[in-house]
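What follows is a short report on a single structure.
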Amino acid sequence: MITLVEPSEQLRDSWRESRDEFRDSHIHGYSIFGFTEEELATDDGFDRWLAQQRRNLTDPPEGYVPSALYWIVDDEEPGRVLGSLNLRFALNDFLREQGGHIGYGVRASARRRGVATAALMASLDKARERGMDRVLVTCETTNVASARTIERCGGVLEDVRGDKRRYWITL
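Residues in the sequence shown are numbered from 4 upward in steps of one, following my numbering.
Dropping the structure here:
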């Protein structure tokens, strides 16, 4: 069963391995903004990043909104991070146009197994728990797999803006 867990030191190495599978593409949902690859490769840099993720719930950096980061894991593969998901509790101008309330990424070796769909569904439960009544989820127009995932989870296409498809999911 796919679950969302809070980031932890115990899963640090697996998280690094999952992140490394994105070397040739943009990483969605991993919330690494403001940290370099070199910093995240060190234990001290990871610890500072992890502390920032915990602060993001109530005290995000200027220009960011309160959010929670989760790692996607499977009970059948304990200790292995399959991806990452960021749930944002508000929208600023950028998120309204481009990023949405939820961003997620699944490592290449875990794709085409329903991981993204299960993770997105689990995040909708977390959004409901926070009192949200609908969420915006976006994907690149060329990312057919992500569009299908969003639609399977109840996403209704509002429009396409630039290279982004924008979907609303009513909770």
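Quick reminder that beta carbons are idealized off the backbone N, C-alpha and C, glycines included.
Here the structure is a predicted model, which is why all the values come from computation and not from measurement.
According to the Cβ coordinates, are residue i and residue j closer than 9 Å?
i	j	result
residue 34	residue 106	yes
residue 136	residue 173	yes
residue 94	residue 103	yes
residue 88	residue 72	yes
residue 118	residue 17	no
residue 43	residue 22	yes
residue 4	residue 78	yes
With distances taken from CA atoms, which of the options is nearest residue i?
i	options	result
residue 96	85, 89 and 66	66
residue 143	134, 125 and 163	163
residue 126	5, 116 and 90	90
residue 168	159, 141, 58 and 86	141
residue 116	9, 40, 14 and 76	76
residue 121	133, 157, 92 and 134	157
residue 59	159, 9, 24 and 25	9
residue 161	131, 74 and 100	100
Taking all protein chains shown into account, decide if residue i is buried (16 or more other Cβ within 10 angstroms of its Cβ) or exposed.
i	result
residue 64	exposed
residue 11	exposed
residue 7	buried
residue 1	The structure shown does not extend to residue 1, since the chain spans only 4 to 174, so no value can be given for it.
residue 139	buried
residue 86	buried
residue 165	exposed
Are there any heavy atoms of the ligand FMN lying less than 8 Å away from the beta-carbon of residue i, as far as the coordinates show?
i	result
residue 155	Within the structure as shown, the ligand FMN is missing, as the structure has no ligands at all.
Task: Inter-stretch contact at 8 Å, needing at least 3 Cβ pairs: the region 145-155 / the region 32-52 - done: Counting Cβ pairs under 8 Å, fewer than three are found: no touch.
Task: Inter-stretch contact at 8 Å, needing at least 3 Cβ pairs: the region 137-149 / the region 46-65 - done: In this structure the region 137-149 does not touch the region 46-65; the number of beta carbon pairs closer than 8 Å is below three.
TODO: Could you say if the region 99-118 and the region 38-47 meet the contact criterion of at least three C-beta pairs nearer than 8 Å?
DONE: For the pair of segments examined, the region 99-118 was found not to touch the region 38-47: the number of CB pairs separated by less than 8 Å stays below three.
Open item on the list: If we require 3 or more residues per run, which beta strand (DSSP E) segments fall completely within the region 105-160?
Closed with: Entirely contained in the region 105-160, the beta strand (DSSP E) runs reaching 3 residues are, in chain order, 105-109 and 137-143.
- [ ] List in chain order: all unbroken beta strand (DSSP E) runs of 3+ residues lying wholly within the region 53-111.
- [x] Qualifying beta strand (DSSP E) stretches, in chain order: 70-77, 84-91 and 105-109.
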